[in-house]
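K.L.:
Residue numbers (our numbering): 524 to 692.
Got a structure for you, questions after.
Encoded structure:
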């Protein structure tokens, strides 16, 4: 790698605490663009008549008491025992009588967006096949953690705050 390329890698490989903005776009029956520039989370919906995005939700806050989890349970047997126990506890109807419900469609943006609006837990943990998990820090974990923290939630890799992690590669 040349000097210019090395400088580029160094400038990109920064912790999420240095992010200035994050967003995602979701394409479905309507096109929704969610954005944070560090002062809350806002959703814009494309008005097809005018071809412009219109502000449709201001200062989105993730509900504190969601009862939905989104994990790929097809990897359950590859998880460590602590995570298995945690997931089993989420599904246990005792003591509250209200276990968490599974809602996983396998789309990061779709699953994350539902969690943002209705509360709950989204995770794609590391396992025996993927020691760092499947999601990429720079363009998946850090931006989504930035958004969820701006909405009053938390982003963690299970041990530390995602926005504090400095990419190493």
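Quick reminder that beta carbons are idealized off the backbone N, C-alpha and C, glycines included.
Report the residue ranges of all alpha helix (DSSP H) runs contained in full by the region 596–629; include only those spanning at least 4 residues, in chain order.
P.N.:
Listed in chain order, they are 604–614.
K.L.:
Taking 8 Å as the cut-off, decide whether the C-beta atoms of residue 641 and residue 591 are in contact.
P.N.:
Yes, they are a contact pair.
K.L.:
So, is residue 566 buried or exposed, given that buried needs 16 or more other C-beta atoms within 10 angstroms?
P.N.:
Result: buried.
K.L.:
Over the uninterrupted alpha helix (DSSP H) stretch that includes residue 570, give me the two end residues.
P.N.:
That residue, residue 570, is in no alpha helix (DSSP H); its beta strand (DSSP E) goes 565–570.
K.L.:
If I follow the unbroken alpha helix (DSSP H) through residue 641, where does it start and stop?
P.N.:
It spans 631–641 - the alpha helix (DSSP H) in which residue 641 sits, taken as one unbroken run.
K.L.:
Could you tell me whether the region 586–602 touches the region 633–649, where touching means 3 or more Cβ pairs closer than 8 Å?
P.N.:
Touching, per the Cβ criterion.
K.L.:
When burial is assigned at 16 or more other CB atoms within 10 Å of the CB, is residue 610 buried or exposed?
P.N.:
Classification for residue 610: buried.
K.L.:
Going by C-alpha to C-alpha distance, which of 575, 564, 539 sits closest to residue 689?
P.N.:
Ranking 575, 564, 539 by Cα distance to residue 689 puts 539 first.
K.L.:
Between the region 598–612 and the region 631–638, are three or more C-beta pairs nearer than 8 Å?
P.N.:
Taking 8 Å as the limit for Cβ pairs, the verdict is that the region 631–638 does not touch the region 598–612.
K.L.:
Please list, in chain order, all residues of the same chain as residue 581 whose beta carbon is under 8 Å from its beta carbon, the five residues on each side excluded.
P.N.:
563, 565.
K.L.:
If you drop the 5 nearest sequence neighbours on each side, which residues of the same chain put their C-beta closer than 6 Å to that of residue 667?
P.N.:
Closer than 6 Å at Cβ, skipping near neighbours: 635.
K.L.:
Quick check on residue 679: does DSSP put it in helix, strand or coil?
P.N.:
Strand, per DSSP.
K.L.:
Can you give me the C-alpha to C-alpha distance between residue 568 and residue 663, rounded to a whole angstrom?
P.N.:
Roughly 22 Å separates the two Cα atoms.
K.L.:
Give the secondary structure of residue 554 by DSSP, where H, G and I count as helix, E and B as strand, and everything else as coil.
P.N.:
DSSP places residue 554 in strand when its eight states are reduced to three.
K.L.:
Do residue 639 and residue 671 have their beta-carbon atoms positioned less than 8 Å apart in this structure?
P.N.:
Result yes, Cβ atoms of residue 671 and residue 639 sit closer than 8 Å.
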